[in-house]
Every structure is written in structure tokens, then in C-alpha cells.
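Using numbering that gives the first Met the number 0, the letters of the sequence shown map in sequence onto residues 0 to 421.
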Amino acid sequence: MARVRTPRLGVICAGIALESYDWVLYALLVAYFAPVFFAGDLRRSLLFGFGVFAAGFVARPLGGVLLGRLADRRGRRIAMLVCVAGAGTAAYGMALTPGTAVIGPAAPVLVLVWRLLLGLSQGGELPVAQTYLYECAPPARTGLFTSMFYVFAAAGKLAASALAAVLVSVLGRQALLDGWWRLPFLLGGIAATAFFLLRLRLPDTRAARGSEPRPVRDRRALLGPMAVVAGLTVGVTSAYYLWTAAPTAYALTVLGLDDDGVLWAGVGATVVFALALPAFGLLGDRIGVRRTLFGGTLAMAAATIPLHLLLEHATPVTYWAVILIATVLLACLCATLPASMSALFPARHRALGQALPYGITVAVFGGTTPFFEQMTTTSDLVLPAYVVVLLLVSAWTNLASARRDHRARGSVAGNLPIVWSR
């Protein structure tokens, strides 16, 4: 494989950060723009605003399927161009769409269209960019390279949070209500335009150039690896949303902890997450990404209920400790999952093979975890126990599929290395 150039990697990772920035920005600023597009009082407009936010999640699996198929048939580069073009269009749309007072009911409809478009784009960006990073990586560095996806996704989230905080601090809340909330979306659109032009110059990966369509029976052979992707993902996604979506609201509303301390804990956790990802990626390259994922899954399963019990009666210090421990364990899972999934498929089906089972599993199990959190009582261990069961399913899937691959000496992956060990 040809030597990977740093600028090429930078262009891919910048696009990943942009998609994450655009996705998070909506949730950060919805309180400021919801009254502009959705009728009623603030509570009602926020309800509609978050309903549109949820619609983006529905679009993500479809985006993964459509753009994953495009990547397998026409190449990774063209699919990534479509992803960044869609994200840029959605960002420009949010920045420039007039409010309900100007264009009436068309305003909320357009906001829904932009959110669905962003969901389609981000749903495709994840499997396609992961595939590109995997295929660009030197054979001994697939774990490190694919972990960069989540490193730069975290960077995009930090950039959106920092920009929103700076605008509130410098301009004040009223300025954002008066329309300055549009500026971050406009900047996202401008960045997308720049990244689109840069991605135009990207070469496709050698694996994508060499892949050819195969008969339907060849695709049927992929059902087993796709089931493995779903099994590996189910525990990771449920644990991820358990520890990233719920603790902040719980600490503020139930524990009554200080707002600044809780929010800074979230920022600190994001920084730790970004720093830990490449470390676990390198560990996976050294001992095997599937082996590292297996150990991380068992560690998270063992820690989930004790951490949840600590969270129920957390002080500011113990809250920081719980969040940081959970973040490090999540980093182990997220750093090694992409390479583990990519190695299951031949190049001609790699993007779609990941996209379909991953997107459906995240939507069904990851997206519903915060909802289940709201349905349980503060002292109820049903949800963490449920997540532990899903983590054990992932660990069993990992071990069982690795043993099967060892017996088959590669199975559907052909001559790809078995990543349980190196």
C-alpha cells in the first residue's frame, strides 16, 4: 500500500469534524432559534425543535445505506463529496431560512428538510470515512487511523460548544435571540464549501479502485459479517448514549450540582476522550483491535452498575470521577470498533456492509437509551443492567466470530488480516 500523506488524512478528518460540528450545533442553539420557526410559547417551540432534531436520527441509517452503496459502486471519494455537500447545504439552509413571521408554515418545513439532509449526510460520512481511513492505513496501523474518526468528531463537538459559549459570553443571550445564532451555521456552510473543494483533489483508495461488482449470491454471504457488526455495535452504542446523553441532565435536575462544574466536566470528558482514542488505537494495533475491543467491552460491563450507583449520590468530585472513568472506557470501545467492523468485509462491500447494520443498531438501541433513562426511576438499576446485557452480547459476538474466522482462515474477508491478534 502506498505511503499515506498527512494532507490527505487532514482533509478527511476535517470533514469528519465538520459533520460533528453541524450535528451538535443544532442542539446547542435550538433554544435561541426555536421561537423563530415554531409557533407557540418557548416550551412548545422547544418541543417541536427537538422533534425535528430527532428526525435527523431517523435519516441517518438511510443515509448510511444510500451513500455506503454509492461508495462501494462508484468509489469512496464521490460518496464523501456528496456527504460534505449535503452538510454544507443544510448549514447554509439553517443560516439563511427566514422565520415563520416571513414565510409562514414553510419555515418549519424547511428546517425539517435541512435536518433530514444533515442526517442523511452524517449517516453516510461515518461508514464511508471509516472505510477510507481503514483502506489508507498501513497494515500495522489500522487501529490508530480509524480511531481518528472519533478524535475529530470530538474536535467538531468541542468547536461547536466553544463557539456557542463565546457568542453567549461576548454578545449576550439577547443578541443570539435577535439572530446571531445564524452565524455559527453560516460558518459551517463556508467551511463545508472549503472542504468540498479540498476533497475534490482526493484520490480514491487502491482497494476501492480495484473492487468490482459481484453477483447477488456473493452479497448474501455478507449476512454473517453484517450480523457481527450489529452484535459488536449493540453494546457500544448503548453504553455510549448511557454515559454521554443522560448524566448531565441528571446531575443538574436530580443531584442539583453546580451548572458550571457539570458543564466543565463534560468539556473535560470530551478532551480526555479525544486524547485516549489514539492511545487505544495504538494498543489495538499492537495486540489486535478485536482483542482490545473485547477487553474494553468486558471492562465497561463490569463497571457500568458500580458507576451508576456512584452517580446516584454523586458529589462534584465523584461526579467528575464517574464521568472520566466512563469516558476512558468508552474511548477503548470507540477506538477499536471501526477497524473491527471494516476488517469483516471485502473492499467491494465494505462501506455498505458496515452502514446498514451499524445504522439500524444505533437507531434502535443507542437512540432509545436516553428515552429509557427518563422512564426509569433515579434508583432503578434496570437500565444499567440492560446495558450490561447488551455489552455481554457484544463481547460474546466478538469472541464467537473471532473463533469462527480463525477456523475459516479469513472467511468472507479473503486475505484480509484477522484482527483478533497481530
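Heads up, the beta-carbon is just placed ideally off N, CA and C, and yes, glycines get one too.
Asked	Found
Beta-carbon proximity check, GLY230 vs THR335, cutoff 7 angstroms	no
Best match in LEU132, ALA325, THR296 and LEU117 for proximity to ARG349 [C-alpha to C-alpha]	LEU132
Nearest-angstrom Cβ-Cβ length linking GLY358 and GLY122, presumed shorter than 8 angstroms	6 angstroms
VAL215 (DSSP reduced to helix, strand or coil)	Low confidence applies to VAL215: its pLDDT is 46, below 50, so where it sits in the model is not reliable, and the reading given next is rough at best. If DSSP states are grouped into helix, strand and coil, VAL215 belongs with the helices.
Sufficient close CB pairs (3 or more, under 8 angstroms) joining the segment 69-82 to the segment 159-167	no
Proximity to PRO202 [Cα-Cα], best of THR326, ILE77, HIS307 and TRP263	ILE77
Between the CA atoms of LEU241 and GLU18 - distance to the nearest angstrom	22 angstroms
Contacting residues, own chain, Cβ-Cβ under 7 angstroms from LEU398 (five flanking each side not counted)	PHE293
For VAL253, the first and last residue of its enclosing alpha helix (DSSP H)	Segment: none, VAL253 is in no alpha helix (DSSP H) and carries neither H nor E.
Inter-residue spacing [alpha-carbon to alpha-carbon] between ILE11 and PHE144	11 angstroms
Collapsed DSSP secondary structure at HIS312 in the structure displayed	coil
Beta-carbon proximity of SER146 to PRO277, cut-off 7 angstroms	yes
Rounded straight-line distance, which links the Cα of PHE195 to that of PHE148	18 angstroms
Buried or exposed (CB count within 10 angstroms, at least 16 for buried), THR377	Confidence at THR377 is low in this model, with a pLDDT of 49, below 50, so its placement is unreliable and no value can be given for it.
Rounded separation between ALA105 and MET93 - CA only	13 angstroms
Between the CA atoms of ALA354 and CYS135 - distance to the nearest angstrom	19 angstroms
The alpha helix (DSSP H) enclosing PRO224, as first and last residue numbers	222-243
Complete runs of the beta strand (DSSP E) confined to the segment 168-208 [at least 3 residues]	none
Rounded C-alpha distance that separates ASP177 from PRO97	13 angstroms
Cβ-based burial, ALA100 [other Cβ within 10 Å; buried from 16]	exposed
Three-state secondary structure assigned by DSSP to LEU351	helix
Burial state of PRO453, where buried means 16 or more other Cβ atoms lie within 10 Å	Examination of residue 453 is not possible in this model, given that the chain is present from 0 through 421 alone.
ALA33 - DSSP class collapsed to helix/strand/coil	helix
Simplified DSSP state of ASP40, which is helix, strand or coil	coil
For GLY267, the three-state DSSP class (helix, strand or coil)	helix
Residue range of the alpha helix (DSSP H) that includes GLY74	Unbroken run through GLY74: none, as it is neither H nor E.
Local conformation of THR96 per DSSP, three classes	coil
contact_flag[the segment 108-127, the segment 233-240] where n(CB pairs < 8 angstroms) is 3 or more	no
PHE151 (DSSP reduced to helix, strand or coil)	helix
Minimum C-alpha distance to GLY187 - residue among LEU199, GLY87, GLU124 and ARG68	GLY87
Euclidean distance between Cα positions of PRO183 and THR243	23 angstroms
Buried versus exposed call for VAL261 [16 or more other C-beta atoms within 10 Å across all chains shown]	buried
Range of the contiguous alpha helix (DSSP H) that encloses ARG114	105-135
Separation of LEU390 from LEU310, as counted between CA atoms	20 angstroms
Proximal residues to ILE304 (C-beta, below 8 angstroms), its chain only, five neighbours per side dropped	LEU380, PRO383, ALA384 and VAL387
Cα-Cα separation between LEU343 and VAL363, rounded to whole angstroms	22 angstroms
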